[in-house]
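Here is the structure we will look at.
Residue numbers (my numbering): 915 to 1005.
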């Protein structure tokens, strides 16, 4: 996520690609930060949703490994559920 005028972006893109596989020009300076904070908002909300769903399911009697498995093969699957799956199944 990069905010830069096109000429600068084209000049620095090879350097950025050496640090990561995805480089996206989001617009003028500052727009990379806007994209990053919006993405972090989505991540935070999904993390809270996964945690709340797991807490609810376990409190109602379903095993955490079973529920995490169901979520990760259904429409609830997301980065948060994938990443925290080992934590849920080890408890």
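Glycine residues also receive a C-beta, built at the ideal position from the N, C-alpha and C atoms.
Own chain, CB closer than 7 Å to residue i, minus 5 neighbours either side, in chain order
{"i": "residue 935", "result": "none"}
Residue i - partner residues in DSSP beta bridges
{"i": "residue 934", "result": "According to DSSP, residue 934 bridges with nothing at all."}
{"i": "residue 929", "result": "Paired residues: none, contrary to the question."}
{"i": "residue 916", "result": "939"}
Helix, strand or coil at residue i according to DSSP, with G and I counted as helix
{"i": "residue 974", "result": "coil"}
{"i": "residue 987", "result": "coil"}
{"i": "residue 952", "result": "helix"}
{"i": "residue 963", "result": "helix"}
Member of the options whose CA lies at the smallest distance from the CA of residue i
{"i": "residue 978", "options": "995, 962 and 989", "result": "995"}
{"i": "residue 989", "options": "963, 939, 949 and 950", "result": "963"}
Beta-carbon proximity list for residue i, same chain, < 8 Å, skipping 5 on both sides
{"i": "residue 931", "result": "937"}
Close beta carbons around residue i, own chain, < 6 Å, minus the five adjacent residues each side
{"i": "residue 945", "result": "917"}
**Message:** Contact between the region 978-988 and the region 948-956 is defined here as three or more beta-carbon pairs at a separation below 8 Å; is this criterion met?
**Reply:** no
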